[in-house]
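The structure under discussion appears below in the form of structure tokens.
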Amino acid sequence: MAQRSGDNSQGKSDIRHENDDSRMPKRLNLDRRIMVASNRGPFSYFEDDTGQLAVKRDFNLADEALDGLNLTWISGAVSSADRKAVQTLSSEQGLLESDQIPDAHEVHLVAPPRRVHHKFYNVICNPLLWFLFHRSWSPTFTPTIGAQEHDAWDNGFRAVNTMFADAISQNASEKPFVLVSQDYQLISVPGMVRERHPDSIIQHSLDTPWPWPSDLEILPAAWRVQILESMLSANELWLPSKRDINAFIACLNEFLQDAIEVTDSSTVPYKVVSFKGRKLLVGVSRPAVRLQQFKSLIATSRPQRFVNDLADESIRHTFVTVDRSEPHRNIVRSINAFGELLKQNPELASDVRYLLFLTPGPSHISAYKRLSNEVRRAARRVNEKTGVNQPVRVSEESNFYRAVAALSVYDTLVSVPVVDGIGRAALDGAVLNSSDGGMILSNSSVTADWFGDSATLVDFADVGAITEAMAAAASESAESRQRRSKALTATVGAMTAGQLEFQIIAGKTLIARMTNHDA
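At position 79 of the sequence shown the residue is numbered 113 (the numbering used here), and the sequence of numbers has no breaks.
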């Protein structure tokens with residue numbers, strides 16, 4: 035059973051049966067055009083040492099198993115090099131041409147005008163929707179949605195989503211196609227595509243949690259309806275957890291009321307939502323695990339240099355947090371809990387340490403600056419009270435190899451967010467760690483659903499419970515650590531196919547049903 039700290043009467047369900055990888059073939063093989071739309075795609079551009087444009091591939095967003103499929107990738111041009119590529123390397127059809135893109139793939143980058151992208155990203159997506167989806171607003175005081183935000187919604191957010199829908203239509207064939215759309219940034223795309231292509235197969239997935247009605251009601255009523263009706267335009271919607279499915283259904287009941295009907299499916303682990311003559315299947319998404327990439331990466335020289343830097347034979351137990359520095363990550367409480375651990379057990383001050391590797395948030399958002407100051411103040415308070423050499427060390431930089439090294443050496447990973455989608459650190463840590471490392475996770479995190487049988491689970495606001503979990507971790511026997519570490523690794527090892535591959539297979543099944551023959 036999972037080790038739980040604090041009162042948690044609602045048990046975690048084992049959702050692994052809902053994501054049974056036995057349904058995935060050894061090698062995908064489809065002959066119909068599949069379109070994938072995401073804010074960031076697996077292929078982006080950079081300028082090499084000679085100033086020439088070159089393609090950089092992110093294998094975290096697209097596994098090599100997809101290389102043989104006829105796919106059209108439609109993603110945003112997020113850098114100046116991407117924009118330059120759109121201007122200089124695009125065909126007449128708007129497709130990028132490069133030897134580094136698999137032959138079966140077509141890549142289309144959407145490049146909004148800079149002012150439009152600013153409204154889309156810096157006014158709506160990053161400060162407003164991201165905080166909303168992660169329950170980081172305090173409605174008594176924030177946010178304020180005024181003329182600037184209304185303009186940015188129409189002429190930034192909706193405008194960029196329309197550009198994606200235009201690109202999808204431009205690349206669509208006359209036959210029904212499968213659209214696999216992703217990300218909260220493109221949440222209006224399914225509705226726009228449905229209006230233009232009624233017979234298309236549309237699947238949308240989110241890595242972010244879904245807000246409850248009390249959170250979604252922060253948005254203007256017209257925005258709420260646009261978001262919900264767009265999601266209802268899809269054939270399938272994939273959310274990170276059952277909790278998020280319940281939140282989505284609650285929003286439908288609150289804001290659309292009699293217009294919807296919700297039932298349980300008797301044959302598949304979905305909720306079925308009926309709306310305006312259509313049916314939407316809502317299910318739990320699966321994380322993409324970077325098993326092989328990380329196993330080969332950790333042995334290379336760049337992360338090993340940081341592994342050596344982190345080594346300290348005088349330390350008996352190392353707690354680690356690797357995360358983005360964001361309000362919902364609950365970082366200050368975890369530092370305070372470690373401080374309480376040292377207060378209650380002063381003999382541990384020279385034996386344990388807490389290393390935090392935090393990727394800074396966008397500098398133009400004041401909430402991130404305040405959080406950075408609060409994190410450093412919390413660390414300074416603990417260090418000043420212990421009287422020893424900085425048991426809490428905070429590193430705020432975007433350093434991938436240092437983060438990989440930290441995940442490989444922790445004795446206990448601490449990740450106790452208020453709310454979270456598919457958290458990467460716990461998944462990657464279970465792959466990378468070589469120290470029989472354990473985990474302290476919050477009950478409200480999706481990773482608790484996956485690792486609940488092998489991790490210590492706490493309530494995110496209960497600093498006392500987090501402290502107790504840290505104390506138990508520091509004194510855990512080697513045999514117990516090894517047993518739980520093996521269970522964590524086994525859980526990750528069973529996750530052989532990510533959400534994207536799963537959606538493509540589901541799309542093939544749907545289109546086969548629709549056309550009454552194998553796709």
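Don't be surprised by glycine CBs; every beta carbon is placed ideally from N, CA and C. Predicted, not measured: the structure shown is a model, and the values here were computed from it.
Just so you know, the alpha carbons of Asn189 and Asn160 end up roughly 16 Å apart. Distance from the Cα of Ile252 is smallest, within the candidate group Gln219, Pro274, Asp233 and Trp164, for Trp164. Cα atoms of Ala464 and Lys310: separation of roughly 44 Å, rounded to the nearest angstrom. For the pair Gly471 and Ser519, the CB atoms are nearer than the 8 Å cut-off. Judged by their CB atoms, Phe289 and Thr242 are not nearer to each other than the 8 Å cut-off. For the options Gln134, Thr106 and Pro147, the alpha carbon positioned closest to that of Val112 is the one of Pro147. By the C-beta criterion, the region 349-367 is judged to be in contact with the region 432-444, since at least 3 inter-stretch pairs fall below 8 Å. Between Ala201 and His142, the C-beta gap is smaller than 8 Å, which places the two residues in contact. Residue pairing by DSSP places Arg411 in no beta bridge whatsoever. Under DSSP, Thr446 forms a beta bridge with Phe353 and Gly472. The shortest C-alpha to C-alpha distance from Val452 to any of Phe434, Arg367, Ser511 and Pro394 is the one to Arg367.
Inter-residue distance for Ile135 and Asn287 is about 44 Å (C-alpha atoms, whole angstroms).
One alpha carbon belongs to Glu431, the other to Val422, and they sit about 25 Å apart. Minimum Cα-Cα distance from His238 among the listed residues Arg74, Gln291, Leu466 and Val214 corresponds to Val214.
The bridge partners DSSP lists for Trp272 are Ser239 and Gly317. Short of 7 Å from the beta carbon of Ala521, and not among the five residues preceding or following it, lie these beta carbons of its own chain, in chain order: Asp487 and Ser488. With fewer than 16 other Cβ atoms inside 10 Å of its own Cβ, Ala256 counts as exposed. In the three-state reduction of the DSSP assignment, Leu213 falls in the strand class, which pools E and B. Measuring C-alpha to C-alpha distances from Lys118 to each of Trp107, Ala413, Phe434 and Val89 identifies Val89 as the nearest. For Ala88, the enclosing beta strand (DSSP E) stretches over residues Leu87 to Arg91.
Shown here, His152 sits in a helix according to DSSP, grouped into three states. For a cut-off of 8 Å, the C-beta gap from Thr352 to Asp445 is around 5 Å, short enough to register as a contact. Contact between Tyr388 and Pro425 is confirmed by a C-beta separation of about 6 Å, below the 8 Å threshold. Note on geometry: alpha-carbon atoms of Trp246 and Pro361 lie some 18 Å from one another.
Beyond the five residues adjoining it in sequence on each side, Phe77 comes within less than 7 Å, by CB distance, of Val89, Arg91, Trp107, Ile135 and Val141 in the same chain, given in chain order. Residue range Val223 to Arg230 is occupied by the alpha helix (DSSP H) that includes Met226.
The alpha carbon of Ser222 has as its nearest neighbour, out of Gln338, Gly527, Gln204 and Phe154, the alpha carbon of Phe154. Excluding sequence positions up to five before and after Ser429, its CB lies within less than 8 Å of the CB of Leu389, Leu390, Phe391, Leu392 and Arg436, all in the same chain and listed in chain order.
Looking at the DSSP output, Ile108 bridges to Ala71 and His142. Excluding residues up to 5 positions away in sequence, Pro361 and His362 lie with their Cβ nearer than 7 Å to the Cβ of Ser170 in the same chain.
Here the alpha carbon of Met473 sits roughly 11 Å from the alpha carbon of Ala506. For the 8 Å CB-CB criterion, Ala199 and Arg230 form a contact. Taking 8 Å as the cut-off, the Cβ atoms of Val526 and Val318 do not count as close. Taking C-beta atoms as the reference points, Ser267 and Arg228 count as a pair closer than 8 Å. Cα atoms of Arg339 and Ala333: separation of roughly 10 Å, rounded to the nearest angstrom. Taking all protein chains shown into account, Lys209 has fewer than 16 neighbouring C-beta atoms within 10 Å of its C-beta and is therefore exposed.
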